[in-house]
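Taking it in order: structure first as structure tokens, then the write-up.
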Amino acid sequence: MGKHVLIIGAGPAGVSAALTLRMRNIDATILHSGKTALGKAHRVDNYPGMPRVSGEEMESAFRSQCEEAGVVYRTGLARMIQKTRRGFMVLAGEEILNADAVLLCTGIGRLSLINGEEALVGRGVSYCATCDGMLYRGGKVAVIAQDASFHEDAAFLSGICSVDYYLERKHEPPQNVTVCEGKIVKLAAQEDGKVLLSTDRGENAYDCVFILRPAVALSQLLPSLELNDNAIRTDERMRTNVEGVFAAGDVTGAPYQIARAVGQGNTAALSIASYFADKEKE
Ligand SMILES: Cc1cc2nc3c(=O)[nH]c(=O)nc-3n(C[C@H](O)[C@H](O)[C@H](O)COP(=O)(O)OP(=O)(O)OC[C@H]3O[C@@H](n4cnc5c(N)ncnc54)[C@H](O)[C@@H]3O)c2cc1C
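Just so you know, the working numbering puts the end of the sequence shown at 295, numbered straight through with nothing missing.
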């Protein structure tokens, strides 16, 4: 039966891997959630064959080439990866995607968590408004949003509960919510089951705190992954410590360069092809 790889990340590492997988007749889907580091580069002068190119132009050329090769692009934030009997299940937005192997190309993980956040996940802290919102119907919740892309989630919540809206980074807040000022300092569990949110201006208790960001900490995505500081540890064939999960590009650490990401993506794809071949012999 045909094999399918879910590549998380549409930057140079992900597209390079996808192209090599397609050349081996392996199905590849690229799941991506937001901007790539590549798209932010105004001008790239050190990538062979593409002089004086902007990151956006490069990205668009990569995408056309991938789509021509049969790579499927999907938009969505990967929230959780779970091993199944056959392969992997990835929760992306509100959908579940299945794959025989997963390649993580999520770029630099510059995610600074709020003090107390990690310990409260699933116990009054949620990353998914549509998954958990209904549990707090009629209650009082906080939304901590990183950018305006979460207006729809805030609108959904404000239709079923009372919402206090905090800006994790500066952006235009949505309508119909109470916007709270102040820098968030910490989150803590209260004895009555609520979460106490403290800012440098005061504190408030909530039934749930929804933290909405266009990225997910690697420790949340796949808790059993071995990390080195905030980078994924791999061997020279881009295998992680979790069988069937591979990683390439900036997510594996410095130096942060396009050519390196492309090279690692290629190595990862070849490694995935050998992994499937070995599995078939079992
Ligand atoms: C301003 C700037 C200028 C630069 N200039 C140069 C240069 O001139 N030369 C050079 O070699 N390098 C340059 N770089 C570095 C280069 O852009 C990166 O090394 C390269 O883009 C890394 O590729 P990547 O595929 O690892 O990750 P990225 O390009 O960062 O792509 C990461 C992908 O992961 C996705 N993602 C992350 N988390 C999730 C999730 N949970 N679910 C779904 N998708 C997710 C993102 O949406 C994105 O598609 C520059 C970087 C910046 C920021």
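Idealized CB from N, CA, C, for every residue including glycine.
Based on Cα-Cα distance, which residue from the options lies nearest to residue i?
i, options, result
"Asn-38", "Asn-59, Val-18, Val-192", "Val-18"
"Glu-7", "Arg-98, Val-208, Tyr-60, Cys-193", "Since the first and last residues shown for the chain are 14 and 295, residue 7 lies out of range."
"Leu-126", "Lys-199, Met-93, Arg-92", "Lys-199"
"Thr-247", "Asp-220, Gln-277, Ile-271", "Gln-277"
"Arg-273", "Asn-189, Gly-262, Ala-281", "Gly-262"
"Lys-48", "Glu-69, Gly-15, Met-93", "Glu-69"
"Gly-120", "Val-156, Glu-256, Ile-245, Glu-81", "Ile-245"
"Ile-271", "Thr-253, Ile-21, Pro-25", "Pro-25"
"Phe-223", "Asp-145, Arg-252, Leu-124, Ser-287", "Asp-145"
"Glu-204", "Pro-61, Gly-137, Lys-183, Phe-101", "Gly-137"
List the endpoints of the continuous alpha helix (DSSP H) containing residue i.
i, result
"Tyr-288", "271–294"
"Asp-166", "164–173"
"Arg-35", "25–36"
Around the Cβ of residue i, are there at least 16 other Cβ atoms within 10 angstroms (buried) or fewer (exposed)?
i, result
"Leu-180", "buried"
"Asp-220", "buried"
"Lys-16", "buried"
"Ala-161", "exposed"
In angstroms, rounded to a whole number, what distance separates the CA positions of residue i and residue j?
i, j, result
"Pro-186", "Ala-158", "9 Å"
"Gln-188", "Met-36", "48 Å"
"Ala-54", "Lys-294", "44 Å"
"Val-229", "Met-14", "32 Å"
"Leu-238", "Met-93", "12 Å"
"Arg-99", "Asp-166", "33 Å"
"Gly-52", "Ala-74", "12 Å"
"Ala-282", "Ala-30", "5 Å"
"Leu-110", "Leu-116", "13 Å"
Following the continuous beta strand (DSSP E) through residue i, name the residue where it begins and the one where it ends.
i, result
"Phe-259", "258–260"
"Glu-81", "Taken as a continuous stretch (DSSP letters only), Glu-81 belongs to no beta strand (DSSP E), being part of the alpha helix (DSSP H) at 68–81."
Mind checking whether the beta-carbon of residue i lies closer than 8 Å to any heavy atom of ligand 2?
i, result
"Gln-233", "Because ligand 2 does not appear in the structure shown, any question about it cannot be addressed here, the ligands present being ligand 1."
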